[in-house]
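Chemist:
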Amino acid sequence: MLKIAVFVSGKGSNLLSLIDSTDKYRNSYRVDVVVSNKVDCSAFEIAEKFGIKKICVSEANRNSCSTYDELSDYLVNNNIDLIVLAGFLKKIPEKFVDKFENKIINIHPALLPSFGGFGMYGMNVHQAVFEKSCKVSGVTVHFVNSDYDKGIIIAQKAVDISFACSPREIAELVLKEEHKLLPMVVDRIARNKIRIANNRVCLVN
Ligand code: GRF
0 MLKIAVFVSG
10 KGSNLLSLID
20 STDKYRNSYR
30 VDVVVSNKVD
40 CSAFEIAEKF
50 GIKKICVSEA
60 NRNSCSTYDE
70 LSDYLVNNNI
80 DLIVLAGFLK
90 KIPEKFVDKF
100 ENKIINIHPA
110 LLPSFGGFGM
120 YGMNVHQAVF
130 EKSCKVSGVT
140 VHFVNSDYDK
150 GIIIAQKAVD
160 ISFACSPREI
170 AELVLKEEHK
180 LLPMVVDRIA
190 RNKIRIANNR
200 VCLVN
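Take numbering that gives the first Met the number 0: the final residue in the sequence shown is number 204, and no numbers are missing along the way.
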């Protein structure tokens with residue numbers, strides 16, 4: 000069973016979909032710890048409800064939060080196999096990213112390499128897609144490297160947004176697919192069903 004840490008900053012609907020999908024994927028993975036840069040967030044309430052360990056990480060708030068070094072020690076000592084960024088809004092220090100090479104994945108609510116990079120998070124993404132009058136948007140799950148949204152792509156799902164009349168409607172359509180794609184990718188990683196070669200990720204059957 001793959002032990003995962005889910006990093007969140009807000010609502011945590013992707014965290015919930017990961018937890019809810021464990022049965023569907025026959026417990027190939029388990030959310031072992033939820034990490035947030037905020038002491039209070041709805042995602043932590045979800046963690047609490049399911050009895051999952053919570054860790055706050057922040058270099059600024061030393062009273063209630065761990066540093067990235069402490070967090071990294073915890074993840075290593077507890078044999079966490081994969082870190083899943085699901086709406087984690089803070090830039091992760093390069094040292095931390097380097098330590099967990101090919102062990103950090105992120106979900107992005109658009110089809111990368113478009114609509115990614117600095118400042119492209121949450122509704123900003125859907126607003127930009129809306130302003131370009133795009134008819135297709137989607138979801139990308141990718142490995143994380145030190146460049147925002149530039150790590151190699153693992154999986155994508157396109158979403159028809161022809162009938163969406165606001166950024167909010169686009170967000171709703173995309174989020175539904177996020178909730179399916181992320182658990183599917185984590186399950187594949189758990190079952191060793193992805194290969195990386197020539198800077199390309201292939202899903203294998
Ligand atoms: C999702 O749209 C995800 O793609 C993005 O942040 C949002 C998090 O939503 N990275 P939630 O907290 O999982 O509801």
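Ideal placement from N, C-alpha and C gives every residue a C-beta, glycine not left out. Computed from a predicted structure; not experimentally measured.
1) Mind checking which residues open and close the beta strand (DSSP E) that includes N105?
2) Between G11 and the ligand GRF, is the CB less than 7 Å from at least one heavy atom?
3) DSSP state of F142, grouped into three classes?
4) Tell me, please, whether the segment 172-185 touches the segment 20-34 by the rule of three or more beta-carbon pairs shorter than 8 Å.
5) On the three-state DSSP scale, how would you describe V124?
6) Using three-state DSSP, classify R199 as helix, strand or coil.
7) Are the CB atoms of L84 and I104 nearer to each other than 8 Å?
8) At the level of alpha carbons, what is the spacing between G9 and N198?
9) Please say whether N204 and F142 have beta carbons closer to each other than 8 Å?
10) Within 10 Å of its beta-carbon, does F36 have 16 or more other beta-carbons around it, so buried, or fewer, so exposed?
11) Output the boundary residues of the alpha helix (DSSP H) element that contains I160.
12) Hey, how far is the Cα of K156 from the Cα of V140?
13) Where does D72 sit, in a helix, a strand or coil, going by DSSP?
14) Let me confirm a value: G50 is counted as buried when at least 16 other C-beta atoms fall within 10 Å, else exposed. Which label applies?
15) I need the DSSP call for R61, collapsed to helix, strand or coil.
Modeler: Let's see:
1) 103-107
2) yes
3) strand
4) yes
5) helix
6) strand
7) yes
8) 32 Å
9) no
10) Looking at the sequence shown, residue 36 is not Phe but Asn. It counts as buried.
11) Unbroken run through I160: none, as it is neither H nor E.
12) 9 Å
13) helix
14) exposed
15) coil
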